[in-house]
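J.: Residue numbers (this note's numbering), protein chains in the order written: chain G, 1 to 347; chain V, 1001 to 1347.
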DNA sequence: TTGAAAGCGTTACCAT
DNA sequence: ATGGTAACGCTTTCAA
């Protein structure tokens, strides 16, 4: 069914030279005579010879691809623009090193299997938690790996944002606008793993919003949502049907922009004005946050830059054997129009 | 700098069995005695042995990854949610076959190099044009490949939308709303290739909008934009500064949603009301199109489904050696609120 | 059920 | 500058 591959051998025979010479022609053209080079290339072209990248990899031990590992399906992972933005950042570095990116999702719900099978030079794991068994497998693979958005041991390469601080600042902003009854929509853990365990990022952000709310007469109402538009819509519907009598929620703090966009969509469908009827904030500053109206007030976390940092780190490790252990990015409050002021007598 | 890898050999020696037996333990556990299996596994675990996927690939000739090929950098390609959506569709199929996806962008501006180097089982090429030399290289690689969004020879596997028809319908809709002076923002070709040649998709869409406008006293004003938010903003700025005296453009038809979102952003920044001051339509129906307000009227082209179709096709070829040659998806007009009605006396 | 040996297609090392 | 030969680490006959 498939033609027999033409190998370097065929070329060598046809050209009347050794395999080495052919190999040189492709990899170090300057080391052989122009005449022989041309001959080899002509024959290679006629025979439609293409070097087998796998065989090359076996000897060079360089695959030319970085694995991007995440604990969800590709379908799910890319429903949040966050990952695409991260990917852009990583890609902007990979291109400098002529490296591809291999998207590695769990196989048969087992991320360990995927890690074992992936032919890559290094892994960038996003959203992996240290308690996960994947970590052991990752270590066993004997190739470098770094983590994005994970709280890890000292000796593991990590790129992370100051999520707790970010959440703290964001909540302070909301409170300073006079809000007292505040819904917080947190991130539902990916169900592939221990469903009872929240992600480190989520924990950090909850810690931050809680710390900001502790001293005042502020009431936080916690909700939980899948990281998607639909999740946000569902959570919003719950919030608006559930608000306890007497106390009306005036603001929704979403621990992820994509959730906030879901809330926006719900509000649009229910003729709820933002920020007139309800204030909304997000977290991340994905590209869509500046496109909706009013613009979404959010904690920017420089996703693209985070990807670049991770990319730089990975290639530094690959090339020099080591790197800074941990990069921590500072978030930044982006004020757009989705947060309204509440006067005391409004309550 | 890197530890010596522990190989199947080490395990065999340590366990006092042959390499074959160890290999069986990992691949056909049922064929060896439970006792030996356990022993091997225990030793493998202690030594932190992980089979080398590259070596495996060299013999099995299955890499476990599909290459997604595009003629731009990853950074650029993923700035349009279109690709992420396509990826989601492809990913939804790959997961069924335990396959990863390798993102293959040009190396040193040379997509051919990237094609040669990528260790993948098959390629899905998006936005490649047949006149490009890449096609020859793709063929030479002797692995299956299919094209998305390309006009190709008969015998090449292709998934495409009826872009011309879609553009025709869309433009008809705009005209039926009374618009007569219409700006069309088309897609600037990716500059990696012949810059003077437009993409097939773009050609088709232009053909469609033109065909719809030919009989009436409709004036099309053509502009050109990079497929990005920024591109859309720039084009909008040009349109609003350029509109010829006397004749005012009342509607902007963007041949891609992402461009339309850029136009939205420009309008928001310049206090231009959509559709009050200007009507806007898009093409594709990316997720963001339903998030902005007013919702973007656009030609939906079922991007996710397109990805799924491509994924199915590729695995069918891989598994059976062949498949349907060409899948053509029908687009669908999605009316939201961005298209306003023009009364004759408005003009 | 287990073992020996032959590939898989390349690159790398050491001569010449 | 060119050639011979040994890896690279696994899977897969074929025998035992």
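Each residue gets a CB set at the ideal place from its N, CA and C atoms; glycine is no exception.
Can you check whether the CB of residue 1311 (chain V) is closer than 8 Å to the CB of residue 1199 (chain V)?
T.: no
J.: If you draw a straight line from the C-alpha of residue 1339 (chain V) to the C-alpha of residue 1201 (chain V), how long is it?
T.: 23 Å
J.: Which residues, in chain order, does the region 73-86 of chain G contribute to contact with chain V at a C-beta distance below 9 Å?
T.: 73, 74, 75, 76, 77, 78, 79, 81, 83, 84, 85
J.: Who does residue 1181 (chain V) pair with in a DSSP beta bridge?
T.: V:1219
J.: Hey, how far is the Cα of residue 1256 (chain V) from the Cα of residue 1186 (chain V)?
T.: Note on geometry: alpha-carbon atoms of residue 1256 (chain V) and residue 1186 (chain V) lie some 8 Å from one another.
J.: Among the candidates G:271, G:151, G:209, whose CA atom is the shortest distance from the CA of residue 254 (chain G)?
T.: Of G:271, G:151, G:209, the smallest CA-CA separation from residue 254 (chain G) is found for G:209.
J.: If we define contact as Cβ-Cβ less than 8 Å, is residue 1005 (chain V) a contact residue for chain G?
T.: yes
J.: According to DSSP, is residue 316 (chain G) part of a helix, a strand, or is it coil?
T.: helix
J.: Assess contact between the region 81-94 of chain G and the region 284-298 of chain G, defined as three or more Cβ pairs (one per stretch) separated by less than 8 Å. Is contact present?
T.: Yes, the region 81-94 of chain G touches the region 284-298 of chain G.
J.: Can you tell me where the alpha helix (DSSP H) holding residue 1008 (chain V) begins and where it ends?
T.: 1008-1015
J.: From the DSSP output, in three-state form, read off residue 28 (chain G) for me.
T.: coil
J.: Taking C-beta pairs closer than 8 Å, name the residues in chain G that residue 1270 (chain V) reaches, listed in chain order.
T.: Near residue 1270 (chain V) there are no residues of chain G at all, since even the closest Cβ is about 13 Å away, more than 8 Å.
J.: Only counting the same chain, and skipping five residues up and downstream in sequence, which positions put a Cβ closer than 8 Å to that of residue 19 (chain G)?
T.: 8, 9, 12
J.: Give me the subset of the region 1131-1162 of chain V whose CB atoms are less than 7 Å from a CB atom of chain G, sorted by chain position.
T.: 1140, 1141, 1142
J.: To which residues of the same chain is residue 44 (chain G) closer than 7 Å at the C-beta, ignoring the five residues directly before and after it?
T.: 11
J.: Which value, in whole angstroms, describes the spacing of the CA atoms of residue 1065 (chain V) and residue 141 (chain G)?
T.: Whole-angstrom Cα-Cα distance: 18 Å.
J.: When burial is assigned at 16 or more other CB atoms within 10 Å of the CB, is residue 1193 (chain V) buried or exposed?
T.: Low confidence applies here, because residue 1193 (chain V) scores a pLDDT of 48, under 50, leaving its location unreliable; read the following figure in that light. With 16 or more other Cβ atoms within 10 Å, it is buried.
J.: 8 Å is my cut-off, CB to CB: does residue 95 (chain G) come that close to chain V?
T.: yes
J.: Could you give the distance in angstroms between the alpha-carbon of residue 1173 (chain V) and the alpha-carbon of residue 1181 (chain V)?
T.: 14 Å
J.: Can you give the Cα-Cα distance for residue 52 (chain G) and residue 1116 (chain V), rounded to whole angstroms?
T.: 8 Å
J.: If you drop the 5 nearest sequence neighbours on each side, which residues of the same chain put their C-beta closer than 8 Å to that of residue 168 (chain G)?
T.: Taken in chain order, the residues that qualify are 208, 209, 211, 212.
J.: Mind checking residue 282 (chain G): buried by the 16 CB within 10 Å criterion, or exposed?
T.: buried
J.: Taking all protein chains shown into account, decide if residue 1195 (chain V) is buried (16 or more other Cβ within 10 angstroms of its Cβ) or exposed.
T.: Caution is warranted here: a pLDDT of 43 is assigned to residue 1195 (chain V), below 50, making its placement in the model unreliable, and the coordinate value is therefore given only provisionally. Counting Cβ neighbours within 10 Å, residue 1195 (chain V) comes out exposed, since fewer than 16 surround it.
J.: Contact defined as beta carbons within less than 8 Å: I believe residue 144 (chain G) pairs with residue 122 (chain G). What is the distance between those atoms, to the nearest angstrom?
T.: 4 Å
J.: In chain G, which residues lie with their C-beta within 9 Å of the C-beta of residue 1107 (chain V)?
T.: Around residue 1107 (chain V), the beta-carbon contacts reaching into chain G at under 9 Å are 64, 95, 98, 99, 100.
J.: Determine the contact status of residue 87 (chain G) and residue 68 (chain G), defining contact as a CB-CB distance below 8 Å.
T.: Yes, Cβ-Cβ distance for residue 87 (chain G) and residue 68 (chain G) is below 8 Å.
J.: Given a cut-off of 8 Å, decide if residue 177 (chain G) and residue 317 (chain G) are closer than it, judged by their beta-carbon atoms.
T.: If you check the CB distance, residue 317 (chain G) and residue 177 (chain G) do not come in under 8 Å.
J.: Runs of 4 residues minimum, wholly inside the region 82-127 of chain G: which ones carry the alpha helix (DSSP H) assignment?
T.: 111-117
J.: Once DSSP output is grouped into helix, strand and coil, what is the label at residue 259 (chain G)?
T.: Note: residue 259 (chain G) maps to helix in three-state DSSP.
J.: Looking only at its own chain, which residues have a Cβ that is under 7 Å from the Cβ of residue 1026 (chain V), when we skip the five neighbours before and after it?
T.: The residues 1051, in chain order, have a CB closer than 7 Å to that of residue 1026 (chain V) in the same chain once the five nearest residues on each side in sequence are set aside.
J.: For a test of the three-state rule: what should DSSP assign to residue 1057 (chain V), helix, strand or coil?
T.: helix
J.: Could you pull out every unbroken alpha helix (DSSP H) segment of at least 4 residues lying fully inside the region 1134-1185 of chain V, listed in chain order?
T.: 1134-1140, 1163-1176
J.: Can you list the residues of chain G that residue 1117 (chain V) reaches, using a CB-CB cut of under 7 Å?
T.: In chain order: 53, 64.
J.: Can you pull the chain V neighbours of residue 229 (chain G), defined as C-beta to C-beta under 8 Å?
T.: 1287, 1291
J.: With a cut-off of 8 Å, does the C-beta of residue 28 (chain G) fall near any C-beta of chain V?
T.: no
J.: Go ahead and label residue 1099 (chain V) buried or exposed: buried means 16 or more other beta carbons lie within 10 angstroms of its beta carbon, across all protein chains shown.
T.: buried
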